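*Asks:* Protein chains in written order, with my numbering: chain A, 3 to 101; chain B, 3 to 167.
By construction, the Cβ of each residue, glycine as well, lies at the ideal position given by its N, Cα and C atoms.
All values reported here derive from a predicted model rather than from experimental measurement.
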Amino acid sequence: MGTEAYLIVASLLFLIGASGFLLRRNLLVMFMSIELMLNGAALLFVTFARHWNRMDGQIFVFFIIALAAAEAAVGLSILIAIFRLKHRVNADELSELKG
Amino acid sequence: MERLIFYVLATVAVAGALGTVSFKNPLSCALSLVVTFVALSGLYFQNDAPFVGVLQLLVYAGAIMVLVIFVIMLLNLPDVQLEQERVSRQGIPLALFLLGPLGVLVISRLISIELGEKPEVNASFGSAASVGELLFEKYLFQFEIISVVLLVAIVGAVVLAKKRL
Numbered sequence: 003m004g005t006e007a008y009l010i011v012a013s014l015l016f017l018i019g020a021s022g023f024l025l026r027r028n029l030l031v032m033f034m035s036i037e038l039m040l041n042g043a044a045l046l047f048v049t050f051a052r053h054w055n056r057m058d059g060q061i062f063v064f065f066i067i068a069l070a071a072a073e074a075a076v077g078l079s080i081l082i083a084i085f086r087l088k089h090r091v092n093a094d095e096l097s098e099l100k101g
Numbered sequence: 003m004e005r006l007i008f009y010v011l012a013t014v015a016v017a018g019a020l021g022t023v024s025f026k027n028p029l030s031c032a033l034s035l036v037v038t039f040v041a042l043s044g045l046y047f048q049n050d051a052p053f054v055g056v057l058q059l060l061v062y063a064g065a066i067m068v069l070v071i072f073v074i075m076l077l078n079l080p081d082v083q084l085e086q087e088r089v090s091r092q093g094i095p096l097a098l099f100l101l102g103p104l105g106v107l108v109i110s111r112l113i114s115i116e117l118g119e120k121p122e123v124n125a126s127f128g129s130a131a132s133v134g135e136l137l138f139e140k141y142l143f144q145f146e147i148i149s150v151v152l153l154v155a156i157v158g159a160v161v162l163a164k165k166r167l
């Protein structure tokens with residue numbers, strides 16, 4: 003398959019993830035939408051690594067996966083702390099920081 | 003044959019992504035996200051990136067999703083709360099404004115797609131040996147930085163999730 007087909011899959015994944023992040027209010031689902039966006043970007047990197055015949059893109063995917071692991075650890079522990087405080091995981095009910 | 007595999011993997015990946023954002027129960031979302039990750043790992047293999055594909059399976063579909071599912075089960079959200087969730091009303095115009103143009107572009111390319119041929123690459127492209135060589139020579143400093151980031155994330159996660167320090 004050519005490069006363009008992969009680009010369309012990657013953009014679709016990013017679009018679905020971004021719309022899920024904007025439209026859903028459950029913090030867990032918003033977190034998973036971020037993972038979807040990251041994966042769309044990672045697929046772009048892999049596709050262009052092959053397109054230009056340079057492996058630097060694959061190294062970037064390695065870094066993206068490591069960062070996603072760090073993000074998952076911190077994000078989920080923030081989520082647990084919020085749940086312990088309010089017994090809710092709805093983003094709309096967390097508005098104390100509003101000025 | 004290669005086309006068929008691509009179509010199957012791409013369809014499964016996008017369907018899993020749609021399931022992730024549309025299921026009501028977070029556990030169903032997480033499981034369809036696993037489906038997306040497995041299909042994406044197949045796409046990486048198709049894309050001459052076997053090392054990254056294995057990494058995707060091990061770290062993403064394995065470790066990260068186990069963590070997510072573990073947290074979902076730990077929170078054990080009551081069904082009442084899941085029923086209350088509505089689509090965010092401020093989010094709709096924002097999503098249309100930000101993502102509409104990109105969506106139109108993607109759909110128009112999807113209709114008039116030209117299936118090109120696979121670009122030629124070397125035999126060792128994307129193998130663990132060649133990726134490792136690049137990682138530990140050109141990107142050694144970045145590799146060290148990412149290990150510090152992971153360490154900070156571990157410490158941060160423990161501090162945040164602990165009841166009392």
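Any idea if G77 (chain A) is buried or exposed, counting beta-carbon neighbours within 10 angstroms, 16 or more meaning buried?
*Replies:* With 16 or more other Cβ atoms within 10 Å, it is buried.
*Asks:* Please state whether the Cβ-Cβ distance between S21 (chain A) and L57 (chain B) is less than 8 Å.
*Replies:* No.
*Asks:* Whose Cβ in chain A lies nearer than 7 Å to the Cβ of L42 (chain B)?
*Replies:* Near L42 (chain B) (Cβ distances below 7 Å), the residues of chain A are N41 and L45.
*Asks:* With a threshold of 16 other CB atoms inside 10 Å of the CB of G42 (chain A), please say whether the residue is buried or exposed.
*Replies:* Burial call: buried.
*Asks:* Hey, could you find the ends of the alpha helix (DSSP H) D81 (chain B) is sitting in?
*Replies:* Note, D81 (chain B): alpha helix (DSSP H), D81 to Q86.
*Asks:* Just to confirm my understanding: we take V123 (chain B), look at its own chain, exclude 5 residues before and 5 after, and list those with CB closer than 8 Å. What are they?
*Replies:* The residues are D50.
*Asks:* From the DSSP output, in three-state form, read off N124 (chain B) for me.
*Replies:* DSSP places N124 (chain B) in coil when its eight states are reduced to three.
*Asks:* Let me confirm a value: Q92 (chain B) is counted as buried when at least 16 other C-beta atoms fall within 10 Å, else exposed. Which label applies?
*Replies:* So Q92 (chain B) counts as exposed.
*Asks:* Roughly how many whole angstroms lie between the Cα atoms of M67 (chain B) and Y9 (chain B)?
*Replies:* Each residue's Cα considered, the two are about 25 Å apart.
*Asks:* Among A:F33, A:H53 and A:L99, which residue has its Cα nearest to the Cα of E119 (chain B)?
*Replies:* Ranking the options by Cα distance to E119 (chain B), first place goes to A:H53.
*Asks:* If you drop the 5 nearest sequence neighbours on each side, which residues of the same chain put their C-beta closer than 7 Å to that of T49 (chain A)?
*Replies:* Hits under 7 Å: T5, Y8, L9 and A12.
*Asks:* Give the range of the alpha helix (DSSP H) segment to which F47 (chain B) is assigned.
*Replies:* Here the alpha helix (DSSP H) through F47 (chain B) covers P28 to Q48.
*Asks:* With a Cβ-Cβ cutoff of 8 Å, do V79 (chain B) and V91 (chain A) count as a contact?
*Replies:* Checking the sequence, you will find Leu at residue 79 (chain B) rather than Val. Contact flag set, yes.
*Asks:* Check for me: the alpha helix (DSSP H) holding E146 (chain B) runs from which residue to which?
*Replies:* Note, E146 (chain B): alpha helix (DSSP H), L142 to A163.
*Asks:* Can you find at least 3 beta carbon pairs, one from the segment 23–41 of chain A and one from the segment 72–87 of chain B, that sit closer than 8 Å?
*Replies:* Yes, since at least three Cβ pairs between the segment 23–41 of chain A and the segment 72–87 of chain B fall closer than 8 Å, the two stretches touch.
*Asks:* Could you check where the alpha helix (DSSP H) with Y9 (chain B) kicks off and where it finishes?
*Replies:* E4 to S24 is the extent of the alpha helix (DSSP H) around Y9 (chain B).
*Asks:* Out of curiosity, what's the CA-to-CA distance linking F47 (chain B) and G55 (chain B)?
*Replies:* Distance between the alpha carbons of F47 (chain B) and G55 (chain B) is about 6 Å.
*Asks:* From S126 (chain B) to V70 (chain B), what distance separates their C-alpha atoms?
*Replies:* Whole-angstrom Cα-Cα distance: 35 Å.
*Asks:* Is N28 (chain A) helix, strand or coil when you go by DSSP?
*Replies:* Strand, per DSSP.
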